[in-house]
Amino acid sequence: MKRALFSNIWLPVALLLPQLVIIAVFFYWPAGYAVQSSFYLQDPFGFGSTFVGTGNYESLFRNNEYLKIANFTLWFTVIVTFFSLAIALILAVKADRVIRGAKTYRTLLMWVYAVAPPVAGFIAVIMFNQSWGPLTEFFALFGYRFQVGVNFNDTAFAMILTSIWKQVPVNFIFFLSGLQSIPRSVREAALIDNRSASGRFWTVTFPLLAPTGFFLLIINITYALFDTFGIVDTVVKGEPGNNPMTLVYKVYVDGFRGNDLGGSSAQSVVLMALVLALTFVQFRLVERRIHYT
Amino acid sequence: MTATQKPRKRIRFSTVMDHIVLTLGALFMLVPMLMVFQLSTVPDAEIIQRGPSLNIGDQLDDNFVKAMFEASGFSGENTGVSMLINSFILGIGFAVGKIILGMMAAYAIVYFRLRFATLAFWAIFTTLLLPLEVRILPSYEIVQSLGMLNTYQGLIIPLIASATATFFFRQFFLSVPEELVAAARIDGAGPVKFFIDILVPLSRTMIAAMFIIMFVYGWNQYLWPTMITTEEDMYTLVRGIKQIIQVFEGTNLPEYGRGNLLALIAVIPPVLIVVFFQSWFVKGLTESDK
């Protein structure tokens, strides 16, 4: 904390007030409202609501469709996280090693960071166009008829591929900056100890990158859970039907389209609990992270 | 860290491998966007017949005029220009709002002795925990009850209700040498003067980095604008993407060229900013999230 402080009383209050008012109205109020309405059953025609206790939660966990979506979200998150981290790590290690064209590669590998998820979904819709999409034609070479929006697995594949494409750049930036912060002396020492490049990678570089990796793991899980909304919505073209969807998309579909405020709020609260758990894990890992560096 | 002790041949081979892998990665990233560009240069009839190809057509300016100035949608109110303007308002409004509020709050927390400082600190930093997506429906109801649907305030302010910028500036202010405050006091500078004449100029790089990250974040918002803007003249480019796809699905002769060009226009401003201000952006990103 700073020792040389100003002792004005009203100025800091005035400085804090705008921020506090905005978070009170647009953060605490809606968050509290979500928790509250998760215990009520809303009349579909807007004539008041009845208290149902944990009823919304119970019907949620007894709902097969919800459990199926939760299951899909889990697999989706695991696959997207794993592949976007793995691809980014490989690219970052290579980009850290090359000398010629290093800057060009870096730019070409990171610009997708700025592409909005729904635009990524738009590209997937084009790529997998039923009659002339290049990727549809690619699969046709192997005699497989790829049908995004019709076949559950095909749609899931398109969503996953697009989500990975969109997330590799973020991971790449963090891995590369992690690699570049490894001191020269450590690299040179490793070079003397271990002649094989892959041996050096697994015994020296990888452990030193682990803190970055843990941190990115949480970032990627949050990404797959929430930020892929735009990809899911565009790939299914706004028509959920029997298509795969993630938990956040279900909150939107039930609450916004289905007008089921109570059920949707209960889902929101479940997601909040999930995020809080993740944040807790992150804090624990951040503590551990300090021991590494 | 190429191994100098190794035989020459081996180094060459691994370097070539590095370049092959990096080129494949770059193509994986680049090819989809090149395809979008190619599709926006050829006539729609050609796309319907044979899809993307290597042929660069001459329809770019035609499609540009259509995309930017011809009204589309159901009410005929959203042209590319109006969506572009809305996107800039959202991106810049969000970034500027977040930076100003964040700097003010961080200044109050770091430089003043406050009785309820700890409480304010926790009230603000709890907002880092829950993304807007998990409280989306109640947020919508509140904005609706405040009569802010289809307004720029309703679009921007709820997105600002989180503490990322405050947290970032707090970290930065804590790293500013304390002697500066003492020196400023001796020179007779009050807290307002110190903030405006010393702290803000010192934070220039940080402000730039934050601006880039926040602009891209605001520009790329999708779920919130989808809920809040129902009138087509309030659509942003990113919000309009789904509509383009739905129009593709619903018509016999979809205007692929125009749609692809709009998608390209939605991507160009944030990409240019990230590419041109790369070093600031990377610095801001890797340091703010720690």
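Line by line, the protein sequences are chains U and G.
For any residue, its number in our numbering is found by taking its place in the first sequence, counting from 1, and adding 464.
For any residue, its number in our numbering is found by taking its place in the second sequence, counting from 1, and adding 1.
Glycine included, C-beta positions come from ideal geometry on N, C-alpha and C.
Just so it is clear, the structure is predicted and the values come from calculations on it, not from any experiment.
Just to confirm the assignment, what range does the beta strand (DSSP E) spanning LEU505 of chain U have?
In this chain, the beta strand (DSSP E) harbouring LEU505 of chain U covers 504–506.
Give a yes or no on whether the minimum CB-CB distance between ARG721 of chain U and chain G is below 8 Å.
It does not; no Cβ of chain G falls within 8 Å.
If contacts are defined as beta-carbon pairs under 8 Å, then LYS630 of chain U and PRO581 of chain U qualify, I think. What distance do you get, rounded to the angstrom?
Rounded, the Cβ-Cβ distance is 6 Å, consistent with contact.
What first and last residue would you give for the beta strand (DSSP E) that runs through PHE610 of chain U?
Here PHE610 of chain U belongs to no beta strand (DSSP E), and DSSP marks it neither H nor E.
Around the Cβ of ASN617 of chain U, are there at least 16 other Cβ atoms within 10 angstroms (buried) or fewer (exposed)?
Taking every protein chain shown into account, the CB of ASN617 of chain U has fewer than 16 other CB atoms within 10 angstroms, so this residue is exposed.
Can you tell which of G:LEU263, G:PHE216 and G:ILE266 has its C-alpha closest to the C-alpha of ASP94 of chain G?
It should be noted that the sequence gives Gly, not Asp, for residue 94 of chain G. From the listed residues G:LEU263, G:PHE216 and G:ILE266, the smallest Cα separation to GLY94 of chain G is found for G:PHE216.
Length of the line joining the Cα atoms of PHE693 of chain U and ASN723 of chain U:
Within the model, the alpha-carbon separation for PHE693 of chain U versus ASN723 of chain U is close to 19 Å.
For MET104 of chain G, which residues of its own chain have a beta-carbon under 6 Å away from its beta-carbon, when the five flanking residues on both sides are left out?
Cβ-Cβ distances below 6 Å link MET104 of chain G to PHE170 in the same chain, with the five nearest sequence neighbours on each side left out; the list follows chain order.
Any residues in the segment 46–68 of chain G with a beta carbon nearer than 9 Å to a beta carbon of chain U? Which ones, in chain order?
If you check each beta-carbon in the segment 46–68 of chain G against every beta-carbon of chain U, the ones closer than 9 Å belong to ILE48, ILE49, GLN50, ARG51, GLY52 and PRO53.
Grab me the residues of ASN658 of chain U's own chain with a C-beta within less than 7 Å of its C-beta, minus the 5 sequence neighbours each way, in chain order.
In chain order, ARG664 and THR667 place their CB closer than 7 Å to the CB of ASN658 of chain U, counting only its own chain and leaving out the 5 sequence neighbours on each side.
Are there 16 or more other CB atoms within 10 angstroms of the CB of VAL283 of chain G, so buried, or fewer, so exposed?
Counting other Cβ atoms within 10 Å of its Cβ, VAL283 of chain G reaches 16 or more and is therefore classed as buried.
Taking buried to mean at least 16 other C-beta atoms within 10 Å of its own C-beta, is TYR756 of chain U buried or exposed?
With a pLDDT of 45 at TYR756 of chain U, under the threshold of 50, the modelled position of that residue is not reliable, and the figure given next carries that caveat. Exposed, by the Cβ-count rule.
Are the C-beta atoms of TYR223 of chain G and some chain U residue less than 8 Å apart?
Yes, TYR223 of chain G counts as interfacial toward chain U.
May I ask you to check if the CB of GLN631 of chain U is nearer than 7 Å to at least one heavy atom of the ligand NAP?
For the structure depicted, the ligand NAP is absent and the ligand set is empty, with no information on it obtainable.
Among U:THR571, U:SER732, U:THR669 and U:PHE540, which residue has its Cα nearest to the Cα of ALA785 of chain U?
For chain U, the structure presents residues 465 to 757; residue 785 of chain U sits outside this window and is missing.
Nearest to MET18 of chain G (by Cα), restricted to the options U:PHE540, U:ARG651 and U:VAL557:
That would be U:VAL557, whose Cα lies nearest to the Cα of MET18 of chain G.
Taking Cβ-Cβ distances below 8 Å as the criterion, which residues of the segment 586–597 of chain U are in contact with chain G?
Taking 8 Å as the upper bound on Cβ-Cβ separation, chain G lies near residues PHE586, ILE587, VAL589, ILE590, MET591, ASN593, SER595, TRP596 and GLY597 of the segment 586–597 of chain U.
Output the distance between the C-alpha atoms of TYR530 of chain U and ARG136 of chain G, rounded to the nearest integer angstrom.
When rounded, the distance between both Cα atoms is 18 Å.
For PHE89 of chain G and GLU522 of chain U, I'd like the C-alpha separation in whole angstroms.
Distance between PHE89 of chain G and GLU522 of chain U, taken at the CA atoms: about 44 Å.
Is it right to say LEU265 of chain G is buried, meaning 16 or more other beta carbons lie within 10 angstroms of its own, or is it exposed?
Result: buried.
To which residues of the same chain is PHE500 of chain U closer than 7 Å at the C-beta, ignoring the five residues directly before and after it?
What sits at residue 500 of chain U in the sequence shown is Gln, not Phe. Excluding sequence neighbours, GLN500 of chain U sits near nothing in its chain.
Rounded C-beta distance between ILE685 of chain U and THR541 of chain U? I'm assuming under 8 Å.
Rounded, the Cβ-Cβ distance is 6 Å, consistent with contact.
Which residues in chain G have a C-beta closer than 7 Å to the C-beta of MET736 of chain U? List them in chain order.
Correct list: LEU131 and VAL135.
Looking at the strands, I want to know which residues DSSP matches up with ASN617 of chain U.
For ASN617 of chain U, which the question treats as bridged, DSSP gives no partner whatsoever.
Can you name the start and end residues of the alpha helix (DSSP H) that SER662 of chain U belongs to?
First-last of the alpha helix (DSSP H) with SER662 of chain U: 661–664.
So, does the CB of SER204 of chain G fall closer than 8 Å to a CB anywhere in chain U?
Not one chain U Cβ lies under 8 Å of SER204 of chain G.
For chain G, is any of its Cβ atoms less than 8 Å away from the one on GLY506 of chain U?
According to the sequence provided, residue 506 of chain U is Gln. The question's Gly does not apply to it. For GLN506 of chain U, the nearest beta carbon of chain G is not closer than 8 Å to its own beta carbon.
How about ILE624 of chain U and THR287 of chain G: do their beta carbons lie closer than 8 Å?
No; because the gap between Cβ atoms is not below 8 Å, this pair is not in contact.
Whole alpha helix (DSSP H) runs in the segment 181–246 of chain G with 4 or more residues, listed along the chain?
Restricted to the segment 181–246 of chain G, the alpha helix (DSSP H) segments that are unbroken, complete and at least 4 residues in length are 205–220 and 224–229, listed in chain order.
Would you report the Cα separation of GLY512 of chain U and SER728 of chain U, rounded to the nearest angstrom?
In a straight line, the C-alpha of GLY512 of chain U is about 17 Å away from that of SER728 of chain U.
Locate the beta strand (DSSP E) running through PHE515 of chain U, then write down its first and last residues.
Residues 513–515.
Less than 6 Å between C-beta atoms, sequence neighbours within five positions excluded: which residues of the same chain meet that for GLY155 of chain G?
Same-chain partners within the cutoff: VAL144, MET149 and ILE229.
Which of helix, strand or coil does DSSP assign to SER471 of chain U?
Of the three classes helix, strand and coil, the one that applies to SER471 of chain U here is coil, per DSSP.
What's the call for GLN644 of chain U, buried or exposed, on a 16-neighbour Cβ count within 10 Å?
Flag for GLN644 of chain U reads exposed.
Just to confirm my understanding: we take ALA346 of chain G, look at its own chain, exclude 5 residues before and 5 after, and list those with CB closer than 7 Å. What are they?
The first residue shown for chain G is 2 and the last is 291, placing residue 346 of chain G beyond what the model contains.
Where the alpha helix (DSSP H) containing GLN594 of chain U begins and where it ends:
Looking at the DSSP string, GLN594 of chain U is not in any alpha helix (DSSP H), and its letter there is neither H nor E.
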